[in-house]
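Everything on this sheet refers to the single structure shown next.
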Amino acid sequence: MKQIYLLILILFATLSFADNKTCELEPPCHTSPHGFGGPVIKMTEIYRHTNFMLGAKGAFLYDNGYYIGAAGYSIANNNDYLNNTIANEKYNFSYVGLMLGRLFTPSKNFHINTQLLVGTAMTFLYRQDLEEKEHPIKLSEVDFGFVSEGEVGLLYDVNRFVKLELSSGFRYVHPSQYFTSRDLNSYSVNLGFWFGKF
Numbered sequence: 040m041k042q043i044y045l046l047i048l049i050l051f052a053t054l055s056f057a058d059n060k061t062c063e064l065e066p067p068c069h070t071s072p073h074g075f076g077g078p079v080i081k082m083t084e085i086y087r088h089t090n091f092m093l094g095a096k097g098a099f100l101y102d103n104g105y106y107i108g109a110a111g112y113s114i115a116n117n118n119d120y121l122n123n124t125i126a127n128e129k130y131n132f133s134y135v136g137l138m139l140g141r142l143f144t145p146s147k148n149f150h151i152n153t154q155l156l157v158g159t160a161m162t163f164l165y166r167q168d169l170e171e172k173e174h175p176i177k178l179s180e181v182d183f184g185f186v187s188e189g190e191v192g193l194l195y196d197v198n199r200f201v202k203l204e205l206s207s208g209f210r211y212v213h214p215s216q217y218f219t220s221r222d223l224n225s226y227s228v229n230l231g232f233w234f235g236k237f
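Okay, so the sequence shown: first residue is 40 according to the numbering used here, each after it adds one.
This is the structure:
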């Protein structure tokens with residue numbers, strides 16, 4: 040639980056900074072929303088394996104730098120579930136949640152962002168039966184739990200409508216029936232694109 044409190048503290052400390060310079064130089068500060076969305080690739084450790092997660096996020100972005108939206112991710116490579124002796128049993132891990140963030144603009148083409156995701160994690164256990172051609176994958180168990188993830192990133196303006204994001208974060212997952220928090224908690228390195236109106 041300490042990680043959750045730390046992530047929330049970082050987010051609210053970030054939100055306490057002064058408003059965007061545009062608001063200071065050209066009052067009044069308008070907060071009409073813009074928006075962005077795009078794909079994300081995460082490299083992280085899950086259940087003793089280095090995994091790649093594929094996902095996407097999207098949000099409404101306001102002129103003062105705050106944004107709110109949603110994001111979701113799922114592992115891209117299959118791995119064996121090691122806690123029992125069932126042959127060919129594998130697992131999948133995914134999570135989705137509400138995303139809150141803040142975007143800073145220290146220079147013309149570079150930006151810094153911090154964000155916090157809070158949502159639901161899903162772990163799936165399934166068995167691959169290669170001899171069955173019609174239904175080779177049989178789902179055995181599904182479990183749900185709480186997840187939170189904080190990130191800090193650097194963005195570069197590729198052009199007027201596209202930003203390239205490189206970020207790092209830490210994910211906390213509440214222990215489930217089949218996995219401990221240590222199995223699923225991890226740092227991540229993330230690469231993503233923001234497409235939209237800024």
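All C-beta atoms in this analysis are idealised placements derived from N, C-alpha and C, irrespective of residue type, glycine included.
Model, not experiment: these values are computed from the prediction.
Am I right that residue i and residue j are in contact with their C-beta atoms under 8 angstroms? What's the rounded C-beta distance?
i: residue 218; j: residue 86; result: 7 angstroms
i: residue 180; j: residue 193; result: That belief does not hold up - the Cβ atoms of residue 180 and residue 193 are roughly 39 angstroms apart, past 8 angstroms.
Quick check: residue i and residue j, are their CB atoms within less than 7 angstroms of each other?
i: residue 204; j: residue 231; result: yes
i: residue 189; j: residue 208; result: yes
i: residue 100; j: residue 75; result: yes
i: residue 127; j: residue 88; result: no
i: residue 114; j: residue 90; result: yes
i: residue 112; j: residue 120; result: no
Buried or exposed for residue i, please, with buried defined as at least 16 other CB atoms from any protein chain shown within 10 angstroms of its CB.
i: residue 79; result: buried
i: residue 150; result: buried
i: residue 132; result: buried
i: residue 154; result: buried
i: residue 156; result: buried
i: residue 146; result: exposed
i: residue 98; result: buried
i: residue 199; result: exposed
i: residue 134; result: buried
Looking only at DSSP bridge pairs, what is residue i linked to?
i: residue 181; result: 163
i: residue 196; result: 202
i: residue 214; result: In the DSSP output, where bridge partners are listed per residue, residue 214 has none listed.
i: residue 134; result: 112 and 160
i: residue 142; result: 152
i: residue 207; result: 191 and 228
i: residue 34; result: Absent from the model: residue 34. The displayed extent of the chain is 40 to 237, so no value can be given.
i: residue 75; result: 98 and 235
i: residue 118; result: 130
i: residue 93; result: 80 and 113
Give me, in chain order, the residues of the same chain whose beta-carbon lies closer than 6 angstroms to that of residue i; leave out the 5 immediate sequence neighbours on both sides.
i: residue 222; result: 86
i: residue 228; result: 82 and 207
i: residue 84; result: 225
i: residue 136; result: 156, 157 and 158
Quick one: what's got a C-beta closer than 7 angstroms to residue i's C-beta in the same chain, skipping five residues either side?
i: residue 212; result: 160, 184, 186, 220, 223 and 224
i: residue 60; result: Residue confidence for residue 60 is low, a pLDDT of 41 falling below 50, so the modelled location carries little weight; the figure read from the coordinates is stated next. Counting only Cβ-Cβ distances below 7 angstroms, and skipping sequence neighbours, we find nothing.
i: residue 108; result: 96, 97, 98, 99 and 138
For residue i, I'd like the list of residues in its chain whose CB is within less than 8 angstroms of its CB, leaving aside the five on either flank, ordered along the chain.
i: residue 201; result: 232, 233 and 234
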